[in-house]
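Enquirer: Every letter in the sequence shown is one number past the one before it in the working numbering, and letter 83, counting from 1, is 83.
All C-beta atoms, glycine included, are put in the ideal place defined by N, C-alpha and C.
Next up is a structure, given as C-alpha cells.
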Amino acid sequence: MPADIEPSPITATTRLVSRFWSRAAAKVFLDRYRTTARTLAGQSFDPPGFDAVLRCLLVARDLEDLAREVRERPAMAGIPLAALDTILAGAWP
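Right, here's the structure in full:
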C-alpha cells in the first residue's frame, strides 16, 4: 500500500456487514455440504460428529484468513477475528 494512503478503520458498519456475510456464507456452505454428503452417502441423516468436523474446518479456514490479513492488511484483521469469535462462541448456522 502506498505510504500516502491510510487504511480505513473498521467501522461499526463494517463489523455488521462482516458478521452478516460470515453467517450467510457459513449457512450456505453448511447447507450445501450437508446435502452433498447425504447424496454421496445415500443417507438421510447426518453421521455423528459431522457438525464438529465442519466447525473445525471453518475454524481452520478463519485462522488462515486471519494470518493472511495480519500479514497483508493488518487493519482488516478484525473481520476474520470476528468470524472466529462467532464460530467459537457457538453462534453459527
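Using a Cβ-Cβ cutoff of less than 6 Å, which residues in the same chain neighbour M1 once the five nearest sequence positions on both sides are dropped?
Expert: Counting from one through the sequence shown, the residue named residue 1 turns up at place 1. Confidence at M1 is low in this model, with a pLDDT of 46, below 50, so its placement is unreliable and no value can be given for it.
Enquirer: Is it a yes or a no for the stretch 71–79 touching the stretch 55–63, going by three-plus beta-carbon pairs under 8 Å?
Expert: Contact between the stretch 71–79 and the stretch 55–63 is absent, because fewer than three Cβ pairs lie under 8 Å.
Enquirer: Got a sec, what are the start and stop residues for the alpha helix (DSSP H) R61 sits in?
Expert: Within the sequence shown, residue 61 is the residue found at index 61, counting from 1. Residues F50 to E72.
Enquirer: Drop a sphere of 10 angstroms on the beta-carbon of A24, count the other beta-carbons inside from all chains shown, and report buried for 16 or more, exposed for fewer.
Expert: Here residue 24 refers to the residue found at position 24 of the sequence shown. Under this definition A24 is an exposed residue.
Enquirer: Let me check understanding here. Comparing Cα to Cα, which of L30, D65 and W21 lies closest to R55?
Expert: Locating residue 55 in the sequence shown gives position 55, where the first residue counts as 1. Closest option to R55, Cα to Cα, is L30.
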